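Chains as they are written, first to last, in the working numbering: chain A, 5 to 214; chain B, 5 to 214.
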DNA sequence: AGTTTATGACTGACTCGTCAGTCACAATCT
DNA sequence: AGATTGTGACTGACGAGTCAGTCATAAACT
C-alpha cells in the first residue's frame, strides 16, 4: 500500500498535503449538501459526516457556513472564466464560436458538478448580494460582453441577420439556463436532450433551415 | 356547517369575509418573506407580524409552513393556467400567438408579484418534489404541449421554417426564464429591457430581419 | 540512534440562540 | 349563554459555532 492515506512514510507530504486533502473533502461534501438542501437547509454536521471529518475541522478551514458556501462557488466557477476569455479573443466564424460555446457548456458545465454550482448561484444568489455581484462581474458581465462583441462582428460580416441579437446577448445563453433548471426540476418527468436543443438553437439563430 | 368558507350567506361583512381577508393578508405577507429569505430562511413570526396577525392565526388557515408555501404557489399560479389553455385553442397566425404570449408574460407575470412566485418555484422546486410535480403537470407540461401543437401547425402552414422548434418548445420560453432570474440577480447592475428582448426573440424565431 | 519536547491539526460534547408548532385563555360574534 | 375565532407566551427540537483537550508528527536535544 504505497501512498496510502495513512502515510506511514511522510517525506515532504506531511501535514500540508493532508490538510489540503481535507479541505477538498469538505468542499466536496459541502457541494453535495448545499445542492440537496440549499444553503439554509444544509447542516454542517452532515457536511462533516460526509467529509469524514469532525465538525470543528470545518472551522479550521472556513470562517463560517457562509464563507464555506462562497469559497465553494469561487473554487468551482473561477477556472471557467479562462475558457470564456479565450473564445472572445478568437476571430473564428460565428457558427464555429457558437458551436464551441455550446460544446463547452454541455461538456464542462452541464455534464459536471458545475451544473449544481451554477444552480446554487441561481437559486441562492438573491440571498447573497455579494456573491451575485462577484458572479456578475467575473462571469456574466464578461460573458455577455464577449458575446456582444462577437455578434457585432458577425453582423458586420453578414453572418448574422438579426442586429437585435447584439442588444440582447442573453438570448444566446437562455437555453443553457433552461437546461440547468430543467435538469433539476423536470427531467424526471420529461428528459431533455440538451445537446440536441443547443444544436437546434444555433440553427435558429443562424437561420439554417431543414 | 361543513362548508365553512363557502357559507357567506350571513351579513354582508360577516365573519367569512373577514376570515378571507386575513387569509389573503397572510398569503401576501408570506410572499414577501419567502421571496426575501427563501422557504427555510423565512420566519413565521415575521409573516404574522407583517400580516398584522398573531402567529397562531396562521395555523387556523394553514396546516404548517409547507402548506402555506404550497398554497401560495397554487393560489398565484392557478389562474394563469386558464390563459394558457385559451391561447392553445385559438387558431391565429403564429406571430399573433407569440406576441400575445409575450405580452401576457410581461404584463401578467413579469410585471406582477407572480414573477416572485415563479422565482420561488424555480429556486425551491428541487426541495419540494411534490410542488415541482404539481407545477410540471399543471403549468409546464400543458404550456409545452400547447406550444408544441401551435408550432407544428405553424410549420405545416409554412409560418415557421425551423421544424426543430416543435421538438424543443423550451426554446420559445427560455427568454422568459432569463428575464425572471435576471431581474432578481443582476438587474441592479445592468437593467434588462424585457419587452424589447421578447420582441427581438419573436423576430428571430420568425425570421424577420431588420 | 533514541528520547524528549513542541506544535497544531483534529476532535466532539457543549452552549446558546432561534424558530416551528401548541395551547390555555381572551375577545368577539350570534 | 354558547360558539367561534384569535392570541401570544411557551416548549422542545434543532443546529451553528466554540473550546478544552487529545494525539500524531516534527524538531530539538543527547
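For every residue, glycine included, the Cβ atom is placed at its ideal position computed from N, Cα and C.
All values reported here derive from a predicted model rather than from experimental measurement.
Contact with chain A by residue 211(B), beta-carbon distance below 8 Å
Judged by the 8 Å Cβ criterion, residue 211(B) is in contact with chain A.
Please state whether DSSP places residue 94(A) in a helix, a strand or coil.
Residue state, collapsed to three classes: coil.
Can you tell me the Cβ-Cβ gap for residue 208(B) and residue 209(A), rounded? I've got them flagged as a contact below 8 Å.
7 Å
Report, in whole angstroms, the separation of the C-beta atoms of residue 188(A) and residue 127(B), which I expect to be a contact under 8 Å.
That pair is no contact at about 10 Å.
Rounded to the nearest angstrom, how far is the Cβ of residue 56(A) from that of residue 29(A), given a contact under 8 Å?
7 Å
Every unbroken alpha helix (DSSP H) inside the stretch 78–144 of chain B [4 residues or more]:
98–108, 118–128, 133–139
I want to verify the contact list: residues of chain A whose CB lies under 8 Å from the CB of residue 205(B), in sequence order.
172, 175
Cutoff 8 Å: residue 71(A) Cβ touching any chain B Cβ
No - not a single Cβ of chain B is within 8 Å of the one on residue 71(A).
Alpha carbon to alpha carbon, how far is residue 194(A) from residue 172(B)?
12 Å
Classify residue 194(A) as helix, strand or coil using the three-state DSSP reduction.
coil
Taking the alpha-carbon positions, what's the residue 164(B) to residue 192(A) distance?
For residue 164(B) and residue 192(A), the distance between alpha carbons rounds to 30 Å.
Closer than 9 Å, Cβ to Cβ, to anything on chain A: give me those residues from the stretch 83–107 of chain B, in chain order.
none
8 Å is my cut-off, CB to CB: does residue 57(A) come that close to chain B?
So, not an interface residue.
Please work out which residues of its chain come closer than 7 Å, Cβ to Cβ, to residue 199(A), disregarding the five sequence neighbours upstream and downstream, and give them in chain order.
The beta carbon of residue 199(A) sits closer than 7 Å to those of 110, all from its chain and outside the five residues before and after it, given in chain order.
Return helix, strand or coil for residue 164(B), following the three-state DSSP convention.
coil
Which value, in whole angstroms, describes the spacing of the CA atoms of residue 37(A) and residue 179(A)?
Taking the Cα positions, residue 37(A) is about 27 Å away from residue 179(A).
Grouping DSSP H, G and I as helix and E and B as strand, with all else coil, what is residue 25(B)?
helix
Let's test the definition: count the other Cβ atoms within 10 Å of the Cβ of residue 170(B) and tell me whether it reaches 16, buried, or not, exposed.
buried
Residue 56(B), DSSP secondary structure in three states:
coil
Chain B contacts made by the stretch 41–68 of chain A, where a contact means CB separation under 9 Å
Result list: 41, 42, 43, 44, 45.
Cα-Cα separation, residue 2(A) to residue 122(A):
Outside the shown range of chain A, which is 5 to 214, sits residue 2(A), and nothing can be said about it.
Is it right to say residue 5(A) is buried, meaning 16 or more other beta carbons lie within 10 angstroms of its own, or is it exposed?
Residue placement at residue 5(A) is poorly supported in this model, since its pLDDT is 34, which falls under 50; the coordinates still yield a value, given next. Flag for residue 5(A) reads exposed.
8 Å contact criterion, which residue 190(B) and residue 144(A) should meet: CB distance rounded
6 Å
Residues of its chain near residue 94(B), where Cβ-Cβ distance is below 8 Å and the 5 sequence neighbours each way are ignored:
So the qualifying residues of the chain are 101.
Residue 120(A) and residue 35(A) look like a contact to me (Cβ under 8 Å); what is the Cβ gap, rounded to whole Å?
The C-beta distance from residue 120(A) to residue 35(A) rounds to 6 Å, short enough to fall under 8 Å.
Using the Cα positions of residue 41(A) and residue 157(A), report the straight-line distance between them to the nearest angstrom.
43 Å
Under the rule that 16 or more other beta-carbon atoms within 10 Å means buried, what is residue 147(B), buried or exposed?
buried
Is the distance from the Cβ of residue 39(A) to the Cβ of residue 135(A) below 8 Å?
no
Residue burial classification, residue 117(B) (beta-carbon count within 10 angstroms, cutoff 16):
For residue 117(B), the number of other beta carbons within 10 angstroms of its own is below 16, and it is reported as exposed.
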